[in-house]
Each structure stands twice: as structure tokens, then as C-alpha cells.
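Data first, discussion second: the structure below is written as C-alpha cells.
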Amino acid sequence: KDMVGIPWRVAFALQADGWWLRSDIIWSKPNPMPESVKDRPTKAHEYIFLLSKSQRYYYDAEAIKEPAIYLQPNSPESIKSPYGQGYTKRSSAGVGFGHGTDKEKRARDRVRGSKGVINNPLNSDLRKSGNKEHKLNASDRINTHIGGSVPWEGYTRNKRSVWTVVTKPFTEAHFATFPPDLIVPCILAGCPEGGTALDPFAGSGTTLWVAEQLNRHSIGIEIKPEYCDIAQRRMAKLEPSLFQNHA
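Reminder that position 98 of the sequence shown reads as 100 in my numbering, one-by-one numbering, no gaps.
Listed below in C-alpha cells is the structure:
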């Protein structure tokens with residue numbers, strides 16, 4: 003019952019062998035495998051380690067930036083009113099709450115009801131997201147994320163170290179495949195376009211498949227012949243001429 007510390011022991015062993023451990027990334031699974039345990043929580047995460055052989059290395063942070071989400075009223079345009087504290091300009095569409103989308107309304111006026119909507123949205127609120135989910139609704143309100151947050155178009159942030167990615171079923175006979183969406187940021191950040199991604203434990207070939215989709219070359223190493231066959235079948239759908247003599 004005692005945890006042996008895998009995969010952290012591998013990370014520490016690599017450190018001892020000269021690798022630089024730069025980040026531990028948590029893969030958070032919204033739909034984890036059910037467990038029948040009664041004396042501990044069900045595990046719903048795995049680790050990804052960012053390791054390097056040197057102090058300086060290729061890393062494209064811009065390629066994996068994520069949309070910035072601000073909890074109201076702490077969004078960039080809600081910090082202060084350009085007309086001073088407590089001032090509300092009369093809207094041309096009427097007086098008081100609910101009349102138009104006047105950009106000078108007070109932040110505290112517009113975020114009432116922020117559990118699900120923004121009352122009295124600013125013009126900037128309407129520009130923040132192209133997603134229909136956050137457009138002005140029939141009640142002149144904007145739907146928000148949980149906690150009253152709205153994604154801001156044009157505002158991005160450095161990718162966080164917790165990645166929420168849903169697991170996906172795989173039709174072939176491999177029980178431990180990971181979803182392609184988990185691999186995309188790893189390749190975008192760690193391998194330039196036209197570069198080569200190496201997977202020494204290729205399995206069903208997910209890393210190779212994603213690399214090819216992102217215009218990267220790929221090399222996979224796998225000890226089990228049946229997994230090599232699975233990977234070849236997947237890759238043959240992308241590069242038929244490359245695998246036509248091996249399928």
C-alpha cells in the first residue's frame with residue numbers, strides 16, 4: 003500500500019545523471035479511471051516532467067500561451083473608473099441598471115449577479131470573446147465562467163503547470179494510450195517546426211502521430227512488436243507511401 007514515488011524517482015535519477023528538471027506538470031483528468039479503494043482518494047492525475055540536458059534549451063512559450071481569464075472585478079479594464087471612484091455616467095439608452103452597454107459604468111454595477119452573468123456589461127465585455135457562450139444574451143447580460151470570469155480576447159498568459167485534458171478511448175489493443183491533446187503543447191513548446199521529436203517508448207505511436215500533424219519529424223522506439231504494428235497502422239493513414247511495404 004505504500005507509494006514508491008514513481009515517477010518522481012525517475013526524475014531524481016535523471017537529475018543525478020546530469021539532467022535539469024525544469025518543471026513538473028500535472029495532467030488533471032476530469033474523467034479518471036474509477037477505483038474501488040476505500041482508504042484513499044481516487045487518483046485523477048499524472049505527471050509530465052520538463053527535463054533538459056543543459057541549462058539553456060529550446061522552449062517556445064509563445065506557441066502554447068493560453069487565454070487569460072480574469073475573475074471579475076479584477077479584469078484589466080475593471081480596476082478603476084476613468085471618471086473617478088463611484089461615478090456612473092448616464093447611459094444614452096436610459097437611466098440606471100440594465101440600460102445599454104455604456105463603457106463608463108462602474109465596475110461594481112456591472113458585476114452584480116456574477117455567479118452566472120455580468121449585468122450592465124461594458125463595450126469591452128462584448129469584445130472580449132468571440133465564443134457564443136459569452137455573447138450578450140436576451141436580458142442584456144453576458145454569461146460567464148464559474149466564478150464570474152470571462153475570457154479576454156487578445157490577453158494571454160504563460161501556460162500553467164496544471165493541464166486539464168480529458169482521457170479518450172482507443173480502439174486498438176493498448177491499455178495506456180494518452181490523448182493527443184496532451185502531447186500537442188509538449189511538441190509545440192519543445193520542438194521547432196521541421197525539427198524531430200523522439201519517443202523512446204512509442205507505444206501506439208501517439209507522439210509520432212501528433213508530431214506529423216504539427217509538421218515535425220518523429221522517431222519512435224518500441225520493444226513490443228504488436229505496438230509497433232499499431233503505430234505503423236496509425237502513421238500509414240498520414241503517410242501511406244512511407245508505410246505501404248510494412249502495413
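Every residue gets a Cβ at the ideal spot worked out from N, C-alpha and C, and that includes glycine.
What are the partner residues of residue i, as DSSP defines its beta bridges?
i, result
"ASP201", "GLY222"
"THR173", "None, per the DSSP bridge assignment."
For residue i, which residues from the same chain have a beta carbon less than 6 Å from its beta carbon, with the 5 sequence-adjacent residues on both sides left out?
i, result
"VAL168", "PRO32, ASN33"
"ARG236", "GLY207, TRP211"
"LYS82", "Note that LYS82 scores a pLDDT of 49, beneath 50, so its modelled location is shaky and nothing firm can be said."
"ASP201", "THR209, GLY222"
"VAL12", "none"
"ALA46", "LYS31, PRO34"
"LYS134", "Residue confidence for LYS134 is low, a pLDDT of 45 falling below 50, so the modelled location carries little weight and cannot support an answer."
"LEU240", "GLU214"
"TYR157", "ALA70"
"CYS230", "GLU224"
Can you give me the Cβ contacts of residue i inside the same chain, cut-off strictly under 7 Å, excluding the 5 residues immediately before and after it?
i, result
"GLU48", "TRP29"
"THR179", "PHE172, GLY205, SER206, THR208"
"THR166", "SER30, PRO32"
"LEU52", "ARG24, SER25, ILE27"
Under 8 Å by Cβ, that's how I've got residue i and residue j pegged, so tell me the actual separation to the nearest angstrom.
i, j, result
"SER220", "PHE172", "The pair is not a contact, with the Cβ atoms about 18 Å apart (cut-off 8 Å)."
"ALA191", "ASP19", "Rounded, the Cβ-Cβ distance is 23 Å, inconsistent with contact."
"ALA213", "ILE189", "6 Å"
"ARG159", "ALA15", "33 Å between Cβ atoms; not a contact."
"LYS161", "PRO187", "7 Å"
Only counting the same chain, and skipping five residues up and downstream in sequence, which positions put a Cβ closer than 8 Å to that of residue i?
i, result
"GLN203", "What sits at residue 203 in the sequence shown is Phe, not Gln. Within the same chain, PHE203 has close Cβ partners ILE223, GLU224."
"GLN57", "TRP22"
"LYS55", "GLY20, TRP21, TRP22"
Answer yes or no: does any C-beta atom of chain C fall closer than 8 Å to that of residue i?
i, result
"SER38", "Here there is only one protein chain, and chain C is not present."
Closer than 7 Å to a non-hydrogen atom of the ligand NAP - does that hold for the CB of residue i?
i, result
"ALA238", "Among the ligands in the structure shown, none appear at all, so the ligand NAP cannot be discussed."
Quiz item: Contact between the region 63-71 and the region 22-29: three or more CB pairs below 8 Å?
Solution: Between the region 63-71 and the region 22-29, the count of Cβ pairs shorter than 8 Å is below three; the stretches do not touch.
Exercise. Enumerate, from N- to C-terminal direction, the unbroken alpha helix (DSSP H) stretches of 4 or more residues contained entirely within the region 10-84.
Key: The alpha helix (DSSP H) runs lying completely inside the region 10-84 and spanning 4 residues or more are 10-18, given in chain order.
Quiz item: Can we say the region 183-196 touches the region 213-233, given the rule of at least three CB pairs closer than 8 Å?
Solution: Output reads yes: the region 213-233 touches the region 183-196.
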